[in-house]
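Student: Shown below is the structure under consideration.
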Amino acid sequence: MSEQIHDVLEVDEFTLGLVGPEQESGGTVTDGGTVKTHTPAGCWGPMITPQFRGGHEVTRPIYIENAEPGDALVVRIKDVEVTSIATSTGSMAERADAFGDDPFVDHRCPECGTEWPKTVVEGTGEGAIRCAECGANASSFGFEYGYTVVFDDDKTVGITVGEDGAHDLATRADEALALPENSRQHPILLYEPDEVPGTLGRLRPFIGNIGTTPAIELPDSHNAGDFGQFLIGAEHDWGLPDEDALEARTDGHLDSNDVRPGATLICPVRVDGAGLYVGDLHANQGDGELSLHTTDVSGKTELEVEVIKGLELDGPLLLPNEEDLPHIAKPYTDSEREAGDELASEYSVDSVHDAGPIQVIGSGATINDATQNAFDRASALLDMTEGEVRARCTFTGGVEIARLPGVVQLSMLVPMEKLEEVGLAETVKSQYNL
Numbered sequence: 209m210s211e212q213i214h215d216v217l218e219v220d221e222f223t224l225g226l227v228g229p230e231q232e233s234g235g236t237v238t239d240g241g242t243v244k245t246h247t248p249a250g251c252w253g254p255m256i257t258p259q260f261r262g263g264h265e266v267t268r269p270i271y272i273e274n275a276e277p278g279d280a281l282v283v284r285i286k287d288v289e290v291t292s293i294a295t296s297t298g299s300m301a302e303r304a305d306a307f308g309d310d311p312f313v314d315h316r317c318p319e320c321g322t323e324w325p326k327t328v329v330e331g332t333g334e335g336a337i338r339c340a341e342c343g344a345n346a347s348s349f350g351f352e353y354g355y356t357v358v359f360d361d362d363k364t365v366g367i368t369v370g371e372d373g374a375h376d377l378a379t380r381a382d383e384a385l386a387l388p389e390n391s392r393q394h395p396i397l398l399y400e401p402d403e404v405p406g407t408l409g410r411l412r413p414f415i416g417n418i419g420t421t422p423a424i425e426l427p428d429s430h431n432a433g434d435f436g437q438f439l440i441g442a443e444h445d446w447g448l449p450d451e452d453a454l455e456a457r458t459d460g461h462l463d464s465n466d467v468r469p470g471a472t473l474i475c476p477v478r479v480d481g482a483g484l485y486v487g488d489l490h491a492n493q494g495d496g497e498l499s500l501h502t503t504d505v506s507g508k509t510e511l512e513v514e515v516i517k518g519l520e521l522d523g524p525l526l527l528p529n530e531e532d533l534p535h536i537a538k539p540y541t542d543s544e545r546e547a548g549d550e551l552a553s554e555y556s557v558d559s560v561h562d563a564g565p566i567q568v569i570g571s572g573a574t575i576n577d578a579t580q581n582a583f584d585r586a587s588a589l590l591d592m593t594e595g596e597v598r599a600r601c602t603f604t605g606g607v608e609i610a611r612l613p614g615v616v617q618l619s620m621l622v623p624m625e626k627l628e629e630v631g632l633a634e635t636v637k638s639q640y641n642l
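First residue of the sequence shown? That's 209 in the numbering used here, and the numbers climb one at a time after it.
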């Protein structure tokens, strides 16, 4: 951890696609302080830039005063501002000769064999990223089906453009994507995909990859139970022996479109200082991120951080905006409480529980595995049997898909006395004005 501790810390330096205890610090902020970031676009830029060891370009780890392993870090998302005016995205095609085990991680030039080669840009299109050593097309990815989106000034809508518009944006790709000064990715606008022109989409920006440093070094895009599967048995430097080794993750790569201004994320602390990192902002995304990628953008965030001592978590919790909760998981209204009290009196029920909503994040190889992971995490956190967790989630919550193939948000209304026991009551009450 750095020696100087800031009340407000601005972070503008990034890793080459890795998160872990050995990454250089982005600075230290007070417990209760504010973090501000300006991050480059996520997925596609790092994916087509062979120097990266992971699929994103996230901040260096930010350390928080007083945070120790076994604590939890509360991250209140105050603001997300998109700075890009356009981006390109779509479903991906892999170039098999340009990587070893994993196209996101162990890049190599398909002609000269240089690992993680330095590259230069020559022109535009999918052949523009060239190996600095031999001149070959060195990128691991192209588009199976791709499109380019330009945003209105208020970042409320975007429209897909045709061939001419995509080419124009490709010729000024750095400017249009608004890559920060210290970014090291090639902008995906260079690829100029132009499918589905004239399609209008609503924008609602959020943070795709935000979390705390895992106990071991991982590619940033693989800090989750689904993408992390690619590490098991891999022969590169970040390969893991088995599923148990993946428990070191902190599930920062959520791709939940509810991680937006007004939401609160509660993250496990695995290393001294927590090591918060931020990146992979998206302009919009439907539930599940069905193309595996969406509208990656550069942007600014403002976050408030606070440590909860002694709250040991197996994975993150999310307290979304009330409007983003499932209908049956929203806090009770006064009229609902009155009706419940009448029913309790009529049927000799001692009292109606005060309750607050939480979402337990689960991740795994499949949606079923991720849901089971969320059941396990909720059971451990709340000291409930799986049967009780399933019952409460069915009657007062549900499960939502953040990303295919395996990240979910398990919602439930938890009795307030249980939230008091585990140390979450005040955070939940504050989030929902209870």
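Beta carbons are placed, not taken as given, at the ideal position from N, Cα and C, and that holds for glycine.
(1) Which class does residue 286 belong to by DSSP, given the choice of helix, strand or coil?
(2) Rounded to a whole number of angstroms, what is the C-alpha to C-alpha distance between residue 637 and residue 528?
(3) Drop a sphere of 10 angstroms on the beta-carbon of residue 535, count the other beta-carbons inside from all chains shown, and report buried for 16 or more, exposed for fewer.
(4) For residue 330, which residues in the same chain have their Cβ closer than 7 Å to its Cβ, ignoring the five residues on either side in sequence?
(5) For residue 551, does the count of other Cβ atoms within 10 angstroms reach 16, so buried, or fall short, so exposed?
(6) Taking the alpha-carbon of residue 492 as reference, which of 395, 628 and 294 has the nearest alpha-carbon?
(7) Tell me the start and end of each unbroken beta strand (DSSP E) in the segment 496-571 that is at least 3 residues and wholly inside, in chain order.
(8) Just to confirm, are residue 243 and residue 511 a CB contact at a threshold of 7 Å?
(9) Return the bridge partner residues of residue 365 from the DSSP annotation.
(10) Kindly indicate if chain C contains any beta-carbon less than 7 Å away from that of residue 324.
(11) Which ranges would you report for the beta strand (DSSP E) in the segment 355-405 if only whole runs of at least 3 residues count?
(12) Report the rounded CA-to-CA distance for residue 488 versus residue 549, giving the unit in angstroms.
(13) On a CA-only basis, which of 396, 219 and 496 is nearest residue 252? Give me that one, please.
(14) Looking at the secondary structure, which residues open and close the alpha helix (DSSP H) in which residue 255 lies?
(15) Run the proximity test for residue 564: is its beta-carbon closer than 6 Å to any non-hydrogen atom belonging to the ligand ADP?
(16) Please report the Cβ distance between residue 262 and residue 427, rounded to the nearest whole angstrom; I am assuming they are in contact, meaning their Cβ atoms lie under 8 Å.
(17) Our contact map puts residue 632 next to residue 566 with C-beta atoms below 8 Å; I'd like the distance itself, whole angstroms only.
(18) For residue 625 and residue 560, I'd like the C-alpha separation in whole angstroms.
(19) Which same chain residues end up closer than 8 Å to residue 240 when comparing Cβ atoms and leaving out the 5 residues on each side of it in sequence?
(20) Identify the continuous beta strand (DSSP E) that holds residue 610 and give its terminal residues.
Tutor: For this structure:
(1) Three-state DSSP puts residue 286 in a strand.
(2) About 13 Å.
(3) Exposed, because fewer than 16 other Cβ atoms sit within 10 Å of the Cβ of residue 535.
(4) These residues qualify, in order along the chain: 336 and 338.
(5) Residue burial annotation: residue 551 is exposed, with fewer than 16 other C-beta atoms found within 10 angstroms of its C-beta.
(6) Distances from the alpha-carbon of residue 492 to those of 395, 628 and 294 put 294 closest.
(7) Entirely contained in the segment 496-571, the beta strand (DSSP E) runs reaching 3 residues are, in chain order, 507-516, 525-527 and 563-571.
(8) For residue 243 and residue 511, yes; Cβs fall inside 7 Å.
(9) When DSSP reads this structure, residue 365 sits in a beta bridge with 410.
(10) No chain C is present in this structure, which holds just one protein chain.
(11) Within the segment 355-405, the beta strand (DSSP E) runs of at least 3 residues that lie entirely inside it are, in chain order, 365-368.
(12) Linking residue 488 to residue 549 through their CA atoms gives a straight-line distance of about 46 Å.
(13) Comparing alpha carbon positions, the residue from 396, 219 and 496 closest to residue 252 is 396.
(14) Following the DSSP letters along the chain, one finds residue 255 inside the alpha helix (DSSP H) bounded by residues 252-255.
(15) The ligand ADP is not among the ligands present in this structure, which contains no ligands whatsoever.
(16) Cβ atoms of residue 262 and residue 427 come within 8 Å of each other, at about 3 Å.
(17) Indeed, because the Cβ distance is near 7 Å, the residues count as touching under 8 Å.
(18) For residue 625 and residue 560, the distance between alpha carbons rounds to 12 Å.
(19) Excluding its 5 nearest sequence neighbours in each direction, residue 240 has C-beta neighbours in its own chain below 8 Å: 512, 513 and 514, listed in chain order.
(20) Looking at the DSSP string, the run of the beta strand (DSSP E) that includes residue 610 is 606-611.
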